[in-house]
Every structure is written in structure tokens, then in C-alpha cells.
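See structure below.
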Amino acid sequence: MSRIFSGVQPTGNLHLGNYLGAVRNWVKLQHDYECIFCVVDMHAITVPQDPKALTASTREVAAAMIASGVDPKKHIIFNQSQVSGHAELAWIFNCVARLGWLNRMTQFKDKAGKNRENASVGLYAYPNLMAADILLYKATHVPVGEDQKQHLELARDIAAKFNNDFGVENFFPLPEPLILGTATRVMSLKDGTKKMSKSDPSELSRINMTDDADDIAKKIRKAKTDPEPLPGDDKGLEGRPEAANLLGIYAALSDSTLTETVAKFAGEGFGTFKQHLADLAVAKLGPIQDEMRRLLDDLAYVDSVLKDGAERANAIAEPIMAEIKDVVGFLTVR
Ligand code: TYM
0 MSRIFSGVQP TGNLHLGNYL GAVRNWVKLQ HDYECIFCVV DMHAITVPQD
50 PKALTASTRE VAAAMIASGV DPKKHIIFNQ SQVSGHAELA WIFNCVARLG
100 WLNRMTQFKD KAGKNRENAS VGLYAYPNLM AADILLYKAT HVPVGEDQKQ
150 HLELARDIAA KFNNDFGVEN FFPLPEPLIL GTATRVMSLK DGTKKMSKSD
200 PSELSRINMT DDADDIAKKI RKAKTDPEPL PGDDKGLEGR PEAANLLGIY
250 AALSDSTLTE TVAKFAGEGF GTFKQHLADL AVAKLGPIQD EMRRLLDDLA
300 YVDSVLKDGA ERANAIAEPI MAEIKDVVGF LTVR
């Protein structure tokens, strides 16, 4: 049975990168897989979080998943800290993964910045928790944006080393990344060489799923461009990261390819193109935002989804965790 696991951190609300790189693909994949989607609150606290804001963001991100079209009856939506197996398995993986493997993680280097000595141990061990998230359910496929590729390779290494060290061939599947669509790496609207990210201090760098039509239009209007008109073919995008990014966003939102989008706007000025892009973004995101607002007016419903999801996630995780403990040799006195 193919099983999907994926997650989003509740550090503020979702942005367009999270939506196009991940959540939108989940909605498409849910017809073919059994899916578990997680609001990874334990990952969020690897950097300081205001507790009240964390609680609010957890509900908002869950609401965004539902509003985007994930079916919480058919599939599981829950927040990570409600299933204790994530922490238990992460500890075991802390003892399987090698320091050398974690030292190579580029995301830690980016997030810790110059002050590495002051980063939390959790931020460093973060990829082990991510491997635990996936393997606690023996998930086989993981739909993510491009930036999570290295973490997934580590999850595969951990799964293989566990299987090998304990002599349990095929105990954990080696999870396959699913990096799909034309927007696997949405870039900042202010700098086409930097990833669109929640941690960018400039609000103008990203479109949030909660931005209203005016904000979306303003951010697109103010997005960085270059002085040339749009190119006649894909090759003309070389060395033009901002043009490539905006056309890529248009392609993803309109469910077309980059080549088709480039052909559609060949030779146009950015002014006209940006107007089309803003109209498309508002048309595509507006209904999701309306649904999100409706859901956030009914927190009892959102909480009921998270409660039900946690129970169903636990029911899958518990027997797997019991097997893992047996493999490791932890005595459970029954
Ligand atoms: P997070 O919360 O940073 O991002 C959630 C998802 O959005 C994708 N994404 C992007 N895709 C395209 N362009 C962008 N600019 C962009 N920014 C983010 C991410 O690739 C991700 O798919 N470590 C993960 C969360 C996690 C997880 C897991 C994912 C924890 N455990 C287990 C999969 C499986 C993270 O920080 O995602």
C-alpha cells in the first residue's frame, strides 16, 4: 500500500511557495494514495515561537489545508505534538543518524547563520525528527518542494541504516520524494535568487494565503523585474531569475507549462503581464481564502478535525512504534 506523509510548519500562515510547492500537489495526490498531513508544531519550536501565536498558527495552517481541498474525512490532518511516537522515534533516530550526515545539511547552515553556537540542538537534529515523522507511519511517498530534497535523502539513509544495523531488511521503506509541478521552488518577489520564505523580513517578498486582493495586486506590482520585455522562448529566461519566477508562478496557477506561458506572453512588457498575473492569483486564491475565513470562524470544527486526525494517526503509529521497540530491544513489560 502506498502511503503519503507530508508536513508544514505552523510558523505564521502558508505562503504561495507552500501552496504551489506542496499543498496543491497533496490535493491532487489524495485521489491515489492514503494520506497523512501534519502540522509540524514540534519542528516549529526549533526556533523561538510565541506560544499563543503557535497555537493560532496551528489552527490556521490546518484550516488552509482543508480550504485548499484536502479531504479530512478521507485523509488525516493532525498536529504532530498530539502523537507521542514522533518524539520517541526521533530519539531512536538521533542514535542512528551520524553527526557527519547532519553536518552536511544546508538548511541548518542557512537557518543557524553565523551564530551556530547559539542555535538550538533541536534545529540541528531537525532532519532526524522529519525522518521519524515519515517512518513512524512507514510512509512510502513524500510530496514536498525542492528545498526538502536533502532532508528526504537523509530520511532514506536513516531508514536504510536502521534496517541494516538491526538486520531487519525492508522493515522501513525508503521513502520516495514527490517533487511535482512547475513551481517546486517559488522565489522571493524581491530577489529572484532567494527562496520565497516565511522568515524573510520583507512582507513584499511573499504572497501569503491570507493576503487580500489588494495586497496580492500590490505585491505583484512591486515585484522586482528587469528592464527587458518578456522573452520569446524558455532560453531567453537564462540569467533573468525574476522573469523566470513570475512566469513560473503564472504557469503553476494556470495549470500550464512554463513553455506555454512564455509563448503566451512573448514580447510583452512586465506591466501588462503583472496585471494578468495579479488577476489570476486573486481568482485562484480568493475562493481558498474565503473558505479559510469561514473555517476560522468555526474553530470547534477545525479542532474536531485535528482531534479526529490525531486519533487516527495514533492508531497507525502505535503498532509500528511497538514493532520498532521490539526491534531495538526495548523491553515492554505487558
Ligand atoms: P515548510 O514548513 O518550510 O514548508 C512546507 C512545504 O512547502 C514547501 N515550500 C516551498 N515549495 C516551493 N517554493 C517555496 N518557496 C517553498 N517554501 C516551502 C516545502 O518544500 C514543504 O514541502 N521540514 C518541512 C516540514 C516537515 C515535513 C516532514 C515535510 C516536517 N516533517 C515530513 C515532509 C515530511 C518544512 O520545514 O516545510
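Per numbering that gives the first Met the number 0, numbering of the sequence shown is gapless, rising by one per residue and ending at 333.
Ideal Cβ placement from N, Cα and C applies to all residues, glycine included.
What is the C-beta distance between residue i and residue j, in whole angstroms, given that I count them as a contact (C-beta under 8 Å)?
| i | j | result |
| --- | --- | --- |
| Leu122 | Phe107 | 6 Å |
| Leu19 | Ala251 | 5 Å |
| Ile287 | Ala96 | At roughly 37 Å, the Cβ-Cβ gap does not stay under 8 Å, so Ile287 and Ala96 are not in contact. |
| Gly144 | Ala212 | The Cβ separation is near 25 Å, so there is no contact. |
| Lys197 | His14 | 6 Å |
| Met384 | Gln149 | For residue 384 there is no data in the structure shown, the boundaries of the chain being 0 and 333. |
Closer than 7 Å to a non-hydrogen atom of the ligand SAM - does that hold for the CB of residue i?
| i | result |
| --- | --- |
| Leu19 | Judged by which ligands are present, the ligand SAM is missing from the structure shown, whose ligands are the ligand TYM. |
For residue i, report the span of its beta strand (DSSP E) as first-last.
| i | result |
| --- | --- |
| Val141 | 140-142 |
| Asp36 | A quick correction: the sequence has Phe, not Asp, at residue 36. Taken as a continuous stretch (DSSP letters only), the beta strand (DSSP E) holding Phe36 covers 33-38. |
| Gly6 | 2-7 |
Could you give the residue range of the alpha helix (DSSP H) that holds residue i?
| i | result |
| --- | --- |
| Phe272 | 269-295 |
| Phe107 | 105-111 |
| Thr54 | 50-67 |
| Tyr123 | 120-134 |
| His335 | Because the chain is modelled from 0 through 333, residue 335 falls outside the range shown and cannot be assessed. |
| Thr260 | 257-263 |
| Arg97 | Where Arg97 is concerned, there is no enclosing alpha helix (DSSP H), given that its DSSP letter is neither H nor E. |
| Lys117 | Contrary to the premise, residue 117 reads as Asn rather than Lys in this sequence. Here Asn117 belongs to no alpha helix (DSSP H), and DSSP marks it neither H nor E. |
| Arg184 | Arg184 -> no alpha helix (DSSP H), and no H or E assigned at all. |
| Asn244 | 240-252 |
| Lys218 | 212-220 |
Which one or two residues does DSSP pair with residue i in a beta bridge?
| i | result |
| --- | --- |
| Leu177 | Pro142 |
| Ile76 | Phe36 |
| Met41 | According to DSSP, Met41 bridges with nothing at all. |
| Met320 | None, per the DSSP bridge assignment. |
| Met195 | Looking at the DSSP assignment, Met195 forms no beta bridge with any residue, so it has no partner. |
| Asn24 | Per DSSP, none; premise fails for Asn24. |
| His14 | Asn207 |
Could you name the residues of the same chain whose beta carbon sits closer than 8 Å to that of residue i, not counting the 5 residues immediately before and after it, in chain order?
| i | result |
| --- | --- |
| Val327 | Ile91, Phe165 |
| Pro174 | Phe4, Ile133, Leu134, Ala138, Thr139, His140, Val141, Leu151, Ala154, Arg155, Ala158 |
| Asp302 | Arg58 |
| Asn93 | Ala124, Asn127 |
| Lys350 | Residue coverage of the chain in this structure runs from 0 to 333, which leaves residue 350 outside it and unanswerable. |
| Asp70 | Gln29 |
| Ile215 | Ile206, Ala277, Ala280, Val281, Leu284 |
Excluding the 5 residues flanking residue i on each side, which residues of the same chain have their C-beta closer than 7 Å to its C-beta?
| i | result |
| --- | --- |
| Gly68 | Val26 |
| Pro228 | Gly266, Glu267, Gly268 |
| Pro142 | Ile3, Ser5, Ala21, Asn24, Trp25, Leu28, Leu177, Leu179 |
| Asn169 | Asn162 |
| Tyr249 | Thr260, Leu276, Leu279 |
| Ala262 | none |
| Leu294 | Ala62, Ile65, Ala66, Tyr300, Val301 |
| Lys160 | Val95 |
| Val167 | Val326 |
| Ser1 | Tyr32, Thr139, His140 |
Excluding five sequence neighbours on each side, which residues of the same chain lie with their C-beta closer than 6 Å to the C-beta of residue i?
| i | result |
| --- | --- |
| Ile75 | Ile35, Gly308, Arg311, Ala312 |
| Gly191 | Pro240, Glu241, Asn244 |
| Gly84 | Leu135, Ala316, Met320 |
| Asp31 | none |
| Asn117 | none |
| Asp210 | none |
| Ser204 | Ser187, Leu188, Lys189 |
| Ser119 | Thr45 |
| Val339 | Outside the modelled stretch of the chain, which goes from 0 to 333, sits residue 339, for which no answer is possible. |
Three or more C-beta pairs under 8 Å: does that hold for the segment 30-37 against the segment 179-199? no
With a cut-off of 8 Å, do at least 3 Cβ pairs link the segment 37-54 to the segment 76-85? yes
Counting pairs of Cβ atoms below 8 Å between the segment 259-279 and the segment 44-57, do you hit three or more? no
Using 8 Å as the Cβ pair cut-off and three pairs as the minimum, do the segment 211-220 and the segment 280-295 touch? yes
Does the contact criterion of 3 or more C-beta pairs under 8 Å hold for the segment 234-247 versus the segment 1-9? Because the criterion of three Cβ pairs below 8 Å is not met, the segment 234-247 and the segment 1-9 do not touch.
Does the segment 88-104 come into contact with the segment 123-142, if we say contact requires no fewer than three beta-carbon pairs (one atom in each stretch) closer than 8 Å? yes
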